[in-house]
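Contents: one structure, followed by commentary.
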Amino acid sequence: MTTQDQAAPPGNRLSVKSTLGSHVIALLAFLALISLFYAPVLLGKRTFSAGDFTDHFFPFSLFLRSELLAGRLPVWNPFTYGGHPFLADIQAGVFYPINLVFLGLSTPFTSDAARLYFLQIEAIFQIVLAGFFTYLLVRSLTGRPLAGFLAGGVFALSGYLTGYPVLQLAILRGGIWLPLVLWLLLHAFDQPRRWRWWIAAALVYAVAFLAGHPQTFLHMSYAVLAWIALLLFKERRNRPQELSIGGYLLRIGLFYMLFAGVIAAQLLPSIEFMRLSVRASADYTFVSGGFPLADTWQALLPQLASRYSPLYVGIPALGLAVLAIGQALRAPDSASRGSVVRSAGDFRLLVAFFALLALVAWLVSYGRNAFLYPLFYRLLPGWNLFQGQERAAYLVAFGLSILAGYGGAALDVVSPRQRRLVALAYGAVVVTGIAVFLVRYQAAGWTAASPAQVGLTVVAALVALGMFVAVLWPAGLARWRLPLVTLLALAQLFVVNRGVNSDAVPLAEQAALPTGALAVQQAVMEQGNVAATVGPLAYQGPPGRVYNEHQIFEDYGMRAGVEELWGSSPLRLSRTAALLEDFPQDRLWQLMGVQHVLNSLPALYQPAEPLAEFPGPDGTSYLHRLEQANPRAWVVQTVQSVNDDAATPLLGDASFEPATTALLPPVTDTDGRAGLSAEGLLALPGQNAVKMEQIAPGRLRFDVQSEHGGLLVVSENWMPGWQATIRQTSDGAAAPAPVVRADFVLLGV
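Per numbering that gives the first Met the number 0, the very first residue in the sequence shown carries number 0; after that it's consecutive.
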């Protein structure tokens, strides 16, 4: 008799109240398990390790909160890259619901340390959800709540979810929703006339996109598409009279249409941004990296071949996955099935799906080091856009976790002989693998792991293997076998992965700005607004930008309130990136309005005032203030059309004077020219005065007095969508003005 819920036949249904009650108990159990796992972090004894979490997502979170509290949609971030499209950078998670909920919860607490703490809680809570969603799916597939808890616990505590996704928060945010989407689609196909399942699946799928990691969403989307195809095949085979193929296709189409409608506000600006970003020209060499083949050992021996072990689900869970595959190959009528698994054929089909999902993702995760990713790169849309193919380990961990749940559910229907056969075969493979690893370990320099660490890891693996075999072997454990193997699988992952991503650093210390950032912040505040005369230009405006040459983390500007020329984002405007990577620095500083320079040189090659020095990443860091002010807006009387290939050499030429001439893209560039066809001399040279005021991020006001007029060049990154209005002082009338792309990357009005 099934223990599943409403989807079961009427005679086997539990009441809605009972089903919801069991789900609540499961959710509370995952909350307790993951809270215990991260107890030192929750109690403030430890914090997540410094890295992307503290240096990238934490500043993003603070900027998003400040903008929302000010009543503004955070479209533009002036504190990185000389201006960055914050909303269009999908990793910001501007529309991600859980992000917004925890932002709201942290609002009463104004300190940075409090916001960092809530960001950690958000990450931990999402691991709770990952386990719970997997539980829902496996419970429906097997009809066994404890098998669902086993699978959910394995996924939540796996080497993948407790590894780098915790620090790279967008990956974690996106990865947790796959089991819930699959669960909702499972019920949608089982009850195709109930639209609530289709609507809920589309909404959850949209949330996964809004989480902000396109690569994880790509992996998820291929899995969802394959799942839809499998369920369609299963239902048409089992119940051809339930709904016509056209009826299913209509519902699938509406599922994708609703999804697209929900994400449109994020999707459209993100596509525009990606078109102009460095990802638009990424080549095979850049994107094809993945696990070295030696990292295969992490599936058995974690944290030896590399710091993280995203392929690791534990010795017991991997053994259960093997048991599930063996049971599917045999697939007797007594195989454990859930209410939506109506035959041995269904059972075999579903196990094969998750086994193939894990296998294909495993092969892809090697990138160019194996044969499959090159085929994906050439044949499948999206696989040519993202680097780091090892992130496909997400689907490996998920697939193996589901198989572990299937294996756990099958324990009480597998014969003692078959259990012992699996125990012997699996034990032999694991022992052989460990022996081969130990032989390989003799090669000097193959791994940085110490002999003591290797010995401890090997002993722990063998002990876990022995306990797993001991649970599978006897014939008399009966109803205790699944609870025991669940306890063993989760206990091993708990011990192995606990503390991987946390340091014994107090919360206030982890949240504090580094010395260099404080020095820059103080220097900019002391300088205040700039007033300078440069040639025929009298300029007044906000403090100049900072050029931080990798002395402090790149996104510090969002926290210090300092406009920085560098930043840290995998998506950045390609033209700005080109100037940062290969362009004369003095001309770059001039174009981008740089006033302060932070580098490892005690003196610059142009006149500058030394302001501070402090310990840096490679010795001593020095902060300088340029003696010559670089205005952030000026008026030119001459424009010249050049294509991008010619623009950068011309801009970098010492004989070219950007203070008098602006380079515009060819008139065929309808975005960059914005309909402005003027060429050559716009006005006679003369005196100009520009006063610049930054009203809010993405909103600038200028008071321009020009003897003959011309083109106002603004040192702010250009993107389609900038709008300008000119108000004449004579009559006060306002009129829209075209915004063109000037000097390769800047705004021209």
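Think of the CB as a built atom: it goes at the ideal place given N, C-alpha and C, for glycine as much as any other residue.
Open item on the list: Considering Cα atoms alone, identify which of W296, I551, P513 and L517 is closest to A434.
Closed with: W296
Open item on the list: Using 8 Å as the threshold, is the C-beta distance between L121 and N98 below it?
Closed with: The question names Leu, but residue 121 is Glu in the sequence shown. Taking 8 Å as the Cβ cut-off, E121 and N98 qualify as a contacting pair.
- [ ] Determine the direct distance from the alpha carbon of G81 to that of L622, and round the result to whole angstroms.
- [x] 19 Å
- [ ] Compute the Euclidean distance between the alpha carbons of H707 and A264, then round it to the nearest angstrom.
- [x] 42 Å
Open item on the list: Quick check: what's the CA-CA separation for A760 versus L166?
Closed with: Past the edges of the chain, shown from 0 to 748, lies residue 760, and the structure says nothing about it.
TODO: Measure the alpha-carbon distance for W579 versus V634 and round it to whole angstroms.
DONE: Rather than Trp, the amino acid found at residue 579 in this sequence is Leu. Going from the Cα of L579 to the Cα of V634 covers about 24 Å.
Task: Beta-carbon proximity list for S620, same chain, < 8 Å, skipping 5 on both sides - done: G515, Q550, I551, L597, N598, S599, E612, F613 and P614
- [ ] Ignoring anything shorter than 3 residues or poking outside the segment 149-195, list the beta strand (DSSP E) runs there in chain order.
- [x] none
TODO: Return the Cβ separation of A146 and G407 in integer angstroms, given the expectation that the two are a contact with Cβ distance under 8 Å.
DONE: 4 Å
TODO: Report buried or exposed for R114, applying the criterion of at least 16 other Cβ atoms within 10 angstroms of its Cβ.
DONE: buried
Task: Paired residues, beta bridge with V545 - DSSP - done: E563 and H595
Open item on the list: Considering only their Cβ atoms, is the gap separating A210 from R172 smaller than 8 Å?
Closed with: yes
TODO: Would you tell me roughly how many angstroms separate the C-alpha atoms of R631 and Y95, rounded to the nearest one?
DONE: 34 Å
Task: The beta strand (DSSP E) enclosing L710, as first and last residue numbers - done: L710 to V713
Open item on the list: To the nearest angstrom, how far is the alpha carbon of P73 from that of E525?
Closed with: 27 Å
Open item on the list: Please return the same chain residues whose Cβ sits closer than 6 Å to the Cβ of A576, not counting the five positions on each side in sequence.
Closed with: V277
Open item on the list: Measuring straight from C-alpha to C-alpha, what distance separates D742 and H22?
Closed with: 59 Å
Task: Anticipated Cβ contact below 8 Å, I314 with L149, distance rounded - done: At roughly 14 Å, the Cβ-Cβ gap does not stay under 8 Å, so I314 and L149 are not in contact.
TODO: For P291, name the three-state secondary structure that DSSP assigns.
DONE: coil
TODO: Using only alpha-carbon positions, find the residue among L319, F352, L358 and R367 that is nearest to A424.
DONE: L319
Task: Segments assigned alpha helix (DSSP H), at least 4 residues, entirely inside the segment 52-81 - done: 57-68
Open item on the list: Check this for me: beta carbons of G92 and A169, under 8 Å apart or not?
Closed with: yes
TODO: Could you tell me how far apart the beta carbons of T215 and Q119 are, in whole angstroms, since I believe they sit closer than 8 Å?
DONE: With a Cβ gap of about 20 Å, T215 and Q119 do not count as contacting.
TODO: Could you say if the segment 289-304 and the segment 130-145 meet the contact criterion of at least three C-beta pairs nearer than 8 Å?
DONE: no
Task: Best match in G381, L663 and Q686 for proximity to A281 [C-alpha to C-alpha] - done: G381
Open item on the list: Let me check understanding here. Comparing Cα to Cα, which of L217, D585, N383 and V137 lies closest to W182?
Closed with: V137
Open item on the list: So, with DSSP's three-state summary, where would you put T284?
Closed with: helix
Task: Element boundaries [beta strand (DSSP E), containing E234] - done: Careful: E234 lies outside any beta strand (DSSP E), inside the alpha helix (DSSP H) at P213 to N237.
Task: Coarse secondary structure for L572, derived from DSSP in three states - done: strand
Task: Backbone secondary structure at M718 - three-state DSSP - done: coil
- [ ] Count the other C-beta atoms from every protein chain shown that fall within 10 angstroms of the C-beta of V523, then say buried if there are 16 or more, exposed otherwise.
- [x] buried
- [ ] Verify whether the separation of the beta carbon atoms of L746 and V703 is less than 8 Å.
- [x] no
Open item on the list: Taking 7 Å as the limit between beta carbons, can you name the residues of its chain near D753, skipping five residues before and five after?
Closed with: In the structure displayed, the chain extends from 0 to 748; residue 753 sits before or after that span and is not available.
- [ ] Whole angstroms is fine: what's the gap from S501's alpha carbon to A507's?
- [x] 15 Å
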